[in-house]
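Remarks on the structure that follows.
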Amino acid sequence: MKKKYKILKWTLGVVATIIILLVSLGFWIKSLVPPKDTAIEASQVQNLAYVTQNVPELRGKILAVVTSTEIMGNTEKVTGYELTELARAYYVFKANGFDVDVASPLGGEAPVVLDDEDMGVYDYAFLNDAEAQQKTLHTLQLKDVSPEDYEAVYFVGGKGAMFDFPDNTSIQSIVKSYYENGKVIAAVCHGPAALVNVTLNNGKPLVADKTISSFTNQEELLLIPDADTVFPFLLQDKLVEQGANFNEGAMYLEHMSHDNNLITGQNPWSVWVLAETVIKQLGYEPKHRPITSEEHAVSILITYENKGKAAAKQHIENIMLNKKESVSRLLIAKHGILGIMKGDLKQFSNVLDLASYAKKLEQEE
14 MKKKYKILKW TLGVVATIII LLVSLGFWIK SLVPPKDTAI EASQVQNLAY VTQNVPELRG
74 KILAVVTSTE IMGNTEKVTG YELTELARAY YVFKANGFDV DVASPLGGEA PVVLDDEDMG
134 VYDYAFLNDA EAQQKTLHTL QLKDVSPEDY EAVYFVGGKG AMFDFPDNTS IQSIVKSYYE
194 NGKVIAAVCH GPAALVNVTL NNGKPLVADK TISSFTNQEE LLLIPDADTV FPFLLQDKLV
254 EQGANFNEGA MYLEHMSHDN NLITGQNPWS VWVLAETVIK QLGYEPKHRP ITSEEHAVSI
314 LITYENKGKA AAKQHIENIM LNKKESVSRL LIAKHGILGI MKGDLKQFSN VLDLASYAKK
374 LEQEE
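Residue numbers (the numbering used here): 14 to 378.
In structure tokens, the structure reads:
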């Protein structure tokens with residue numbers, strides 16, 4: 014009896030210790046993340062110098078296409094287009110002299126997904142921009158769009174795109190026409206679902222032998238383990254099946270493919286570079302844009318992935334001490350949590366150490 018009591022006491026002690034460690038770890042992680050700056054929620058487009066100053070004369074129009082799908086398949090999970098993927102590209106296009114129209118398969122108000130933790134100044138400005146909101150609340154119906162009115166088309170991501178982009182005949186017609194006439198086609202994250210069922214005049218799939226990036230199987234299945242039953246297909250698999258040279262980067266970090274007039278990005282963090290590449294492909298040098306703290310965080314994480322922790326710390330020093338610019342500790346910390354989700358404790362430890370180092374430098378300034 015005494016032996017059983019000792020074992021029970023030891024077990025309870027271990028459990029209590031683990032709980033204390035987990036709680037302590039949680040408080041430590043929370044301490045690495047700065048409090049939310051609620052002031053950015055009031056951001057106004059007229060206060061964004063990048064968007065309002067030194068804007069070239071109108072160079073034409075770009076068509077942004079968003080999903081009309083509100084529910085993911087047979088689930089009860091809500092979906093829509095990702096606001097960050099529209100807002101950031103929208104302002105890059107506007108800042109570089111292009112007007113933007115927003116269309117969707119059904120027209121009218123488009124369902125939107127807001128990820129508060131990833132929202133920045135430009136995203137909140139978009140929500141507070143009466144003209145931009147008018148365009149998303151009253152999207153053009155794709156079948157009524159005149160493709161010849163636009164210099165480029167941009168397919169915005171969001172999981173809803175997996176359901177109403179692939180078989181939409183208006184999308185297929187626009188993509189085929191644009192590709193065969195040398196016009197620019199861009200898509201990010203789940204947006205490349207617009208490309209999978211397009212057949213060219215030569216009888217080949219559009220994506221065959223093209224270098225393409227999109228949301229990857231790894232990224233999809235980590236967030237939705239049963240994604241292969243939720244969606245009609247996994248996007249990476251479908252692109253490869255149709256002959257694409259799939260170009261995969263690190264999970265949830267900026268990665269883009271540029272194959273002539275076809276420009277595709279892997280995930281939301283690829284939007285900035287993708288949008289500016291669209292401007293270049295249209296024949297213009299993108300105007301200077303201040304790099305956001307989130308972009309700096311992504312570049313640090315890419316350095317970590319490619320060169321290790323020491324190089325990433327040097328990168329942090331260069332940004333914070335030499336350039337005197339800020340780094341999003343929240344985004345870095347989230348990638349530490351990603352390590353736990355992947356079962357990679359080394360990534361968890363190393364990335365949180367990077368967030369801690371950024372906090373230390375910030376406090377020393």
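Glycine residues also receive a C-beta, built at the ideal position from the N, C-alpha and C atoms. From a predicted model like this one, the values you see are computed outputs, not experimental measurements.
Cβ pair residue i, residue j closer than 7 Å
{"i": "I345", "j": "L374", "result": "no"}
{"i": "G256", "j": "A207", "result": "no"}
{"i": "G133", "j": "E377", "result": "no"}
{"i": "G110", "j": "P69", "result": "yes"}
{"i": "R302", "j": "Y137", "result": "no"}
{"i": "M175", "j": "H151", "result": "no"}
{"i": "Y227", "j": "P205", "result": "Contrary to the premise, residue 227 reads as Ser rather than Tyr in this sequence. Yes; because the gap between Cβ atoms is below 7 Å, this pair is in contact."}
{"i": "V126", "j": "A288", "result": "no"}
{"i": "L76", "j": "D114", "result": "yes"}
{"i": "V311", "j": "L266", "result": "yes"}
{"i": "I276", "j": "L252", "result": "no"}
{"i": "S283", "j": "M264", "result": "no"}
Alpha-carbon spacing of residue i relative to residue j, whole angstroms
{"i": "K223", "j": "G278", "result": "13 Å"}
{"i": "N214", "j": "W285", "result": "32 Å"}
{"i": "K217", "j": "Y103", "result": "32 Å"}
{"i": "N3", "j": "P124", "result": "Outside the displayed range of the chain (14 to 378) lies residue 3, so it cannot be described from this structure."}
{"i": "Q146", "j": "H271", "result": "30 Å"}
{"i": "A240", "j": "I84", "result": "14 Å"}
{"i": "Y135", "j": "D128", "result": "13 Å"}
{"i": "R101", "j": "K107", "result": "10 Å"}
{"i": "I292", "j": "E164", "result": "10 Å"}
{"i": "R342", "j": "S369", "result": "8 Å"}
{"i": "L334", "j": "L351", "result": "27 Å"}
{"i": "K336", "j": "K320", "result": "21 Å"}
{"i": "E298", "j": "K156", "result": "32 Å"}
{"i": "D112", "j": "A323", "result": "43 Å"}
{"i": "F178", "j": "Q185", "result": "9 Å"}
{"i": "E290", "j": "N280", "result": "Before going further, note that residue 290 is Thr rather than Glu in the sequence given. Cα to Cα, the separation comes out at about 15 Å."}
{"i": "L235", "j": "K355", "result": "8 Å"}
{"i": "L61", "j": "E130", "result": "21 Å"}
{"i": "E254", "j": "N260", "result": "14 Å"}
Any C-beta of chain C under 7 Å from that of residue i
{"i": "T82", "result": "The structure shown contains no chain C; it holds only a single protein chain."}
Same chain, Cβ closer than 8 Å to residue i, neighbours up to 5 away in sequence not counted
{"i": "N274", "result": "Y191, Y192, G195, K196, V197, I198 and Q294"}
{"i": "D250", "result": "N230"}
{"i": "I353", "result": "F361"}
{"i": "E338", "result": "I304, S306, H309 and I332"}
{"i": "V188", "result": "V166, I198, A207, L208, V211 and L219"}
{"i": "I329", "result": "I313, V340, L367, Y370, A371 and L374"}
{"i": "Q426", "result": "With the chain covering only 14 through 378, there is no way to say anything about residue 426."}
Same chain, Cβ closer than 6 Å to residue i, neighbours up to 5 away in sequence not counted
{"i": "Y317", "result": "A325"}
{"i": "I348", "result": "For the record, residue 348 in the displayed sequence is His; it is not Ile. L314 and V364."}
{"i": "S117", "result": "V79, S81, A123 and T152"}
{"i": "L119", "result": "S81"}
{"i": "V258", "result": "First, the residue type needs correcting, since residue 258 is Asn and not Val in the sequence shown. Here the set comprises T224."}
Same chain, Cβ closer than 7 Å to residue i, neighbours up to 5 away in sequence not counted
{"i": "D162", "result": "K74"}
{"i": "L38", "result": "The predicted model places L38 with a pLDDT of 43, which falls under 50 and marks its position as unreliable; any figure quoted below should be read in that light. So the list is empty, once near-sequence residues are dropped."}
{"i": "G86", "result": "F176, V243 and F244"}
{"i": "N67", "result": "K300"}
{"i": "I237", "result": "V243"}
{"i": "L247", "result": "N230, E233, A240 and D241"}
{"i": "L99", "result": "A77, V79 and V169"}
Buried versus exposed, by CB contacts within 10 Å (16 or more), residue i
{"i": "S159", "result": "exposed"}
{"i": "T80", "result": "buried"}
{"i": "L358", "result": "exposed"}
{"i": "V91", "result": "exposed"}
{"i": "T212", "result": "exposed"}
{"i": "Q327", "result": "exposed"}
{"i": "G262", "result": "buried"}
{"i": "E232", "result": "buried"}
{"i": "T88", "result": "exposed"}
{"i": "T65", "result": "exposed"}
{"i": "N181", "result": "buried"}
{"i": "A371", "result": "buried"}
{"i": "Q59", "result": "exposed"}
{"i": "K148", "result": "buried"}
Cβ-heavy atom distance, residue i to the ligand COA, below 6 Å
{"i": "H309", "result": "In terms of ligand content, the structure shown is empty, and the ligand COA therefore cannot be addressed."}
Using 8 Å as the Cβ pair cut-off and three pairs as the minimum, do the stretch 170-181 and the stretch 78-98 touch? Touching, yes.
Across the stretch 51-63 and the stretch 124-141, are there enough close Cβ pairs to call them in contact, namely three or more that are closer than 8 Å? yes
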